[in-house]
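**Student:**
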Amino acid sequence: MTSPTLPSSRPMLHAAGDGRRDFGLLLDHGPFAPATARHQARPVLTSWGLDEEQIYDTLLVISELVTNAVTHALPPVVLHLHAGADNCGRIQIHVSDGGPQTDPASWAAARPSDEHGRGAAIISALTDGTGAAPDGDGLIDRWADLDAA
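Counting along the sequence shown from 1, when you hit position 50 you're at 50 in this note's numbering, and nothing is skipped either side.
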């Protein structure tokens with residue numbers, strides 16, 4: 001078995017040749033990962049021209065995906081953000097982890113009295129699509145698409 005290919009532990013921001021904007025971040029597999037992801041992603045989203053409501057929604061989805069990775073999967077936890085060249089495109093959020101792979105359909109709906117278990121419902125409510133699949137590097141990629149228009 002080969003080791004997964006991981007980005008540097010330092011945040012990366014670069015523009016691809018086709019005008020897309022990309023950001024990647026290797027996170028510690030621990031309780032501070034969601035806050036670190038939000039803290040590092042906010043200035044990137046701002047630089048991409050998102051308004052405060054779009055940033056809030058995107059950060060909430062990032063936080064929920066990273067929390068799920070830290071809570072339910074093995075390390076590593078890697079955040080990737082992708083945006084189109086214009087400000088009217090989609091924001092794609094990818095959080096890769098070491099598995100085990102969870103079928104998104106198995107995410108049970110939370111009861112109102114539950115303290116945990118609302119992440120999947122929040123993600124579904126704020127996004128246009130979600131999914132999970134092996135990423136080819138030995139990790140499981142969980143993704144969500146948001147309309148940034």
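Beta carbons: idealized from backbone N, C-alpha and C, even for Gly. These figures come from a predicted structure and were not determined experimentally.
Taking a contact to mean a Cβ-Cβ separation below 8 angstroms, would you say L26 touches A37 in this structure?
**Tutor:** By one-based count along the sequence shown, residue 26 stands at place 26. By one-based count along the sequence shown, residue 37 stands at place 37. In this structure, A37 does not lie closer than 8 angstroms to L26 by Cβ.
**Student:** Go through its chain and collect everything with a Cβ distance to W48's Cβ below 6 angstroms, but skip five positions before and after it.
**Tutor:** Locating residue 48 in the sequence shown gives position 48, where the first residue counts as 1. Only R21, A83 meet the Cβ criterion.
**Student:** Within this structure, are the beta carbons of I91 and L65 separated by less than 8 angstroms?
**Tutor:** In the sequence shown, counting from the first residue as 1, residue 91 sits at position 91. In the sequence shown, counting from the first residue as 1, residue 65 sits at position 65. Cβ atoms of I91 and L65: not closer than 8 angstroms.
**Student:** Would you mind working out which of T46, G131, P134, A41 sits nearest I62, comparing C-alpha positions?
**Tutor:** Stepping through the sequence shown from its first residue, residue 62 is reached at position 62. Checking every option, the nearest Cα to that of I62 belongs to A41.
**Student:** When you compare each of D97, S124, G99 to T58 by their alpha carbons, which one comes out closest?
**Tutor:** Indexing the sequence shown from 1 puts residue 58 at position 58. Out of D97, S124, G99, S124 has the C-alpha closest to the C-alpha of T58.
**Student:** In chain order, what residues of the same chain have a beta carbon less than 8 angstroms from the beta carbon of L139, not counting five sequence neighbours either side?
**Tutor:** Translated into the one-based positions of the sequence shown, residue 139 becomes position 139. P4, P76, V78, S96, D97, G98, G99.
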